[in-house]
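**Student:** The opening position of the sequence shown corresponds to residue 29 in the numbering used here, with each subsequent residue numbered one higher.
Built from N, CA and C at the ideal position, the CB exists for glycine as well.
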Amino acid sequence: SQTELGQWVTRAAKELGTDKYNFLPAISRGLELSPYWTTTDDRIIECGITELVHEKDSDYQNIQILDTIDFGRVLMLDGQTQLAESDLVYTRSLMAGESFTDKEILILGGGDAALLAELLTQDPAMVTMVELDGAVMTAVRDHMASVTRSVLENHTGERHEIITGDAIKYLEQCGENQKKFDFIFGDLTDVPIDTGAEGC
Numbered sequence: 029s030q031t032e033l034g035q036w037v038t039r040a041a042k043e044l045g046t047d048k049y050n051f052l053p054a055i056s057r058g059l060e061l062s063p064y065w066t067t068t069d070d071r072i073i074e075c076g077i078t079e080l081v082h083e084k085d086s087d088y089q090n091i092q093i094l095d096t097i098d099f100g101r102v103l104m105l106d107g108q109t110q111l112a113e114s115d116l117v118y119t120r121s122l123m124a125g126e127s128f129t130d131k132e133i134l135i136l137g138g139g140d141a142a143l144l145a146e147l148l149t150q151d152p153a154m155v156t157m158v159e160l161d162g163a164v165m166t167a168v169r170d171h172m173a174s175v176t177r178s179v180l181e182n183h184t185g186e187r188h189e190i191i192t193g194d195a196i197k198y199l200e201q202c203g204e205n206q207k208k209f210d211f212i213f214g215d216l217t218d219v220p221i222d223t224g225a226e227g228c
């Protein structure tokens with residue numbers, strides 16, 4: 029066990045006459061679900077996964093929802109962590125303490141609906157969310173209800189509209205039609221690539 033191994037390392041260090049040493053736990057290999065994730069700043073973290081709740085390959089990506097010990101259910105897209113049930117503080121940090129009452133808001137992406145659900149608590153005039161992958165919304169609606177708070181049950185409501193489509197194309201159409209928003213959130217998995225064309 030890890031405890032016995034740690035005790036052995038401590039005894040070995042004492043016998044070698046050193047009180048400075050480092051002990052890293054063994055990495056488990058060949059598991060069906062790897063508990064090791066890389067972060068955007070090149071760290072490796074280990075997550076206690078208890079169950080694969082949902083998995084589907086959509087037209088765009090592999091979608092997984094995992095049950096974890098530390099974070100609750102976690103949405104993974106193509107093996108990358110997107111959102112956990114424990115991430116409400118992150119969602120609120122996106123809002124930066126602004127008031128959204130009576131505001132027109134656009135969310136580009138945001139298929140987990142966490143930001144949409146939180147914005148709707150502030151009585152906006154309208155929140156429009158444009159998400160490319162309907163399968164992500166279905167998975168989160170069915171398996172992470174604490175995150176969505178039922179906003180994905182109906183794609184059209186008194187103060188929200190959910191559009192399944194390309195968010196960047198929708199934004200371009202808004203520009204052409206001179207549709208304006210008070211706030212625009214870019215909650216996209218992939219960052220658009222600048223091809224160097226003028227006007228980008």
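By the DSSP assignment, the beta strand (DSSP E) with Gln-201 in it spans what residues?
**Tutor:** Start at 1 with the first residue of the sequence shown, and residue 201 comes out as number 173. Gln-201 -> not in any beta strand (DSSP E); alpha helix (DSSP H) instead, spanning 195 to 204.
**Student:** Using 10 angstroms around the beta-carbon of Leu-160, count the other beta-carbons present and answer buried if the total reaches 16, otherwise exposed.
**Tutor:** By one-based count along the sequence shown, residue 160 stands at place 132. Leu-160 comes out buried.
**Student:** Should Gly-34 be labelled buried (16 or more other beta-carbon atoms within 10 Å of its own) or exposed?
**Tutor:** For the purposes of this step, residue 34 is taken as residue 6 along the sequence shown, with counting starting at 1. Exposed, by the Cβ-count rule.
**Student:** Might you give, ordered along the chain, the residues of its own chain that have their beta carbon closer than 8 Å to the beta carbon of Asp-170, omitting 5 neighbours on each side?
**Tutor:** On the sequence shown, residue 170 is found 142 positions in, with the first residue counted as 1. The residues are His-82.
**Student:** If I'm right that Ala-141 touches Val-175 with Cβ under 8 Å, what's the distance once you round it to whole angstroms?
**Tutor:** Within the sequence shown, residue 141 is the residue found at index 113, counting from 1. Within the sequence shown, residue 175 is the residue found at index 147, counting from 1. Rounded, the Cβ-Cβ distance is 7 Å, consistent with contact.
**Student:** Can you round the beta-carbon distance between Thr-137 and Asp-215 to whole angstroms, since I take them to be within the 8 Å contact cut?
**Tutor:** Locating residue 137 in the sequence shown gives position 109, counting from the first residue. Locating residue 215 in the sequence shown gives position 187, counting from the first residue. Residue identity differs from the one stated: residue 137 is Gly in this sequence, not Thr. Their Cβ separation, rounded to whole angstroms, is 4 Å, which keeps Gly-137 and Asp-215 in contact under 8 Å.
**Student:** Counting only runs that start and end within the region 78 to 143, where is the beta strand (DSSP E) found for 3 or more residues in a row?
**Tutor:** Correct list: 90 to 96, 100 to 105, 108 to 112, 132 to 137.
**Student:** Tell me the DSSP bridge mates of Glu-159?
**Tutor:** The residue you call residue 159 lines up with position 131 of the sequence shown. Paired residue(s): Thr-192.
**Student:** Nearest-angstrom Cα distance between Ala-40 and Met-104?
**Tutor:** Stepping through the sequence shown from its first residue, residue 40 is reached at position 12. Stepping through the sequence shown from its first residue, residue 104 is reached at position 76. Roughly 41 Å between the two C-alpha positions.
**Student:** Does Asp-215 come out as helix, strand or coil in the three-state DSSP assignment?
**Tutor:** Position 187 of the sequence shown, counting from 1, holds the residue named residue 215. Strand at Asp-215.
**Student:** Please state the DSSP three-state secondary structure of Glu-43.
**Tutor:** Position 15 of the sequence shown, counted from the start, is the residue given in the question as residue 43. Three-state result, Glu-43: helix.
**Student:** Take Glu-204 as the anchor and find which of Phe-211, Ile-196, Asp-69 has the nearest alpha-carbon.
**Tutor:** On the sequence shown, residue 204 is found 176 positions in, with the first residue counted as 1. It is Ile-196.
**Student:** Would you report the Cα separation of Ser-178 and Ile-91, rounded to the nearest angstrom?
**Tutor:** Counted from its first residue, the sequence shown places residue 178 at position 150. Counted from its first residue, the sequence shown places residue 91 at position 63. Rounded to the nearest angstrom, the two C-alpha atoms are 20 Å apart.
**Student:** Using beta-carbon positions only, say whether Asp-151 and Thr-184 come within less than 8 Å of one another.
**Tutor:** As a position in the sequence shown, residue 151 is number 123, starting the count at 1. As a position in the sequence shown, residue 184 is number 156, starting the count at 1. No, the pair does not count as a contact, with Cβ atoms beyond the cut-off.
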